[in-house]
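Heads up: the sequence shown runs through residues 8 to 292, numbered per my numbering. Written below as structure tokens is the structure these notes are about.
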Amino acid sequence: MAVPQRSGGSRFTLAILLLISVTLISLDARGYEPLANLRKAATAVIEPFRNIAGTVFDPIADAWESLSEGDALEKENALLREQLSELLEYRVTTEGAVEELAALRTQLDLENLGGQETIVAEITGRSVSNFDPYIIEIGKGTQSGIREGMAVVSVGGLIGRIEDPGLRSSRVRLITDPNLNIGVLAVGTKEIGILSGGGVGQPLKVSDGIPVSAQIEIGSIMVTSGSERSPYPGGFAVGTILEIVVDEINLEKELLIAPTGQLENLEFVTVILYQPPSSDLGRDG
8 MAVPQRSGGS RFTLAILLLI SVTLISLDAR GYEPLANLRK AATAVIEPFR NIAGTVFDPI
68 ADAWESLSEG DALEKENALL REQLSELLEY RVTTEGAVEE LAALRTQLDL ENLGGQETIV
128 AEITGRSVSN FDPYIIEIGK GTQSGIREGM AVVSVGGLIG RIEDPGLRSS RVRLITDPNL
188 NIGVLAVGTK EIGILSGGGV GQPLKVSDGI PVSAQIEIGS IMVTSGSERS PYPGGFAVGT
248 ILEIVVDEIN LEKELLIAPT GQLENLEFVT VILYQPPSSD LGRDG
């Protein structure tokens, strides 16, 4: 197959173009004025077209850049929102753990209370009906040494007694129960009275055993008597006297008592691992 031959005219044209290029470069390097004027004229002709192109295409470029930056900003905001959500969740979890730890530490500070062996238990349930509003449940039972009738305290004093302990859980009957009786006496006196619950949200009552002559006054602290067969060791605070009513017929003083033990918003309680000499606990204290 024959290879096309470059014509002599093409070679001549190429040579002329090369010569012109070399000449223009040489003249430009020497600062040849006519050539400089020609460049200025060409620039003047082309510049309006450059301005028009800039006017048309620069806003498009700016818009594209804005869209790109907007997408990046939206992604950054989404990431920040996610991090904020994680931080808030961590804060809530941490604050809950701190509060729970503080409640547990408070109960642990009650260990060896009154020289008695104790165990801290977490509250696992409360009564959800009006059928028996005087019961709470704890997560410790006979496996931990808990027995029927043992005293239960919180910050401030006695709040109840163990009832129907299971292997790993127990019920606590609160001192607000009108059917629960506790032997108490006022600090500094020897007269023992019988305290009973006044119902939910009501003061406790001492309506038997305190003679008119007893030197007690409003604000006095009532503590467990620790009498024989009592399921409660002596000396645990139960409440403070709010009101004293004299029973002229029976020559006794009836007392209204405000519980000193915390009964609301409990997370942990302390069980006193104490059993009276007699196993017959009954309902009286």
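Beta carbons: idealized from backbone N, C-alpha and C, even for Gly.
Closest by CA to residue i, which one among the options?
i       : options                            : result
Ser-203 : Asp-254, Ala-265, Val-213          : Val-213
Leu-273 : Ile-142, Thr-125, Met-157, Gly-226 : Ile-142
Leu-263 : Arg-178, Ile-225, Glu-81           : Ile-225
Ile-217 : Pro-238, Gly-206, Ile-248          : Ile-248
Pro-266 : Gly-173, Gly-132, Met-229, Glu-81  : Met-229
Gln-209 : Ala-158, Gly-246, Asp-171, Gly-146 : Gly-246
Glu-271 : Glu-81, Gly-122, Val-160           : Val-160
Report buried or exposed for residue i, applying the criterion of at least 16 other Cβ atoms within 10 angstroms of its Cβ.
i       : result
Thr-231 : buried
Val-253 : exposed
Ala-193 : buried
Ser-220 : exposed
Thr-277 : buried
Leu-165 : buried
Ile-256 : exposed
Val-105 : For Val-105, the predicted structure reports a pLDDT of 48, less than 50, and the residue's modelled location is therefore unreliable. A value from the coordinates is still provided. Exposed, since its Cβ has fewer than 16 Cβ neighbours within 10 Å.
Arg-112 : Note that Arg-112 scores a pLDDT of 48, beneath 50, so its modelled location is shaky; the value from the coordinates is reported in the next line. Looking at its Cβ environment, which holds fewer than 16 other Cβ atoms inside 10 Å, Arg-112 is exposed.
Asn-119 : Its pLDDT being 44, under 50, Asn-119 is placed unreliably by the model, and the measurement read from it follows with that caveat. Flag for Asn-119 reads exposed.
Are the CB atoms of residue i and residue j nearer to each other than 9 Å?
i       : j       : result
Gln-282 : Gly-195 : no
Phe-243 : Ile-201 : no
Glu-129 : Phe-275 : yes
Gly-190 : Ile-182 : no
Tyr-239 : Arg-154 : no
Gly-268 : Val-179 : no
Gly-148 : Gly-173 : yes
Asp-215 : Glu-250 : no
Apart from the five residues on each side of it in sequence, which residues of its chain come closer than 7 Å, Cβ to Cβ, to residue i?
i       : result
Asp-184 : Tyr-141, Gly-204
Ser-151 : Ile-126
Gly-206 : Thr-183, Pro-185
Gly-122 : none
Short of 8 Å in beta carbon distance, which residues of its chain neighbour residue i, apart from the five on each side in sequence? Order them along the chain.
i       : result
Glu-144 : Ile-130, Thr-131, Gly-132, Arg-133, Ser-176, Ser-177, Arg-178, Val-179
Leu-211 : Ile-182, Thr-183, Leu-202, Ser-203, Gly-204, Gly-205, Val-245, Gly-246, Leu-263, Ile-264, Ala-265, Pro-266
Gln-222 : Gly-195, Thr-196
Leu-115 : Reliability fails at Leu-115, whose pLDDT of 48 lies under 50, so the model's placement of it is uncertain and the value that follows must be treated cautiously. Around Leu-115: Val-127.
With a threshold of 6 Å on Cβ separation, who are the neighbours of residue i within its own chain once the five nearest residues in sequence on each side are excluded?
i       : result
Val-99  : Legend: pLDDT at Val-99 = 47, less than 50; position of this residue unreliable, no value from coordinates given.
Gly-233 : Pro-240, Gly-241
Ser-227 : Ala-193, Ile-248
Glu-170 : Arg-178, Arg-180
Glu-261 : Ser-214, Val-252, Asp-254
Lys-82  : none
ask   = Which ranges would you report for the beta strand (DSSP E) in the segment 195 to 245 if only whole runs of at least 3 residues count?
value = 199 to 203, 211 to 213, 228 to 231
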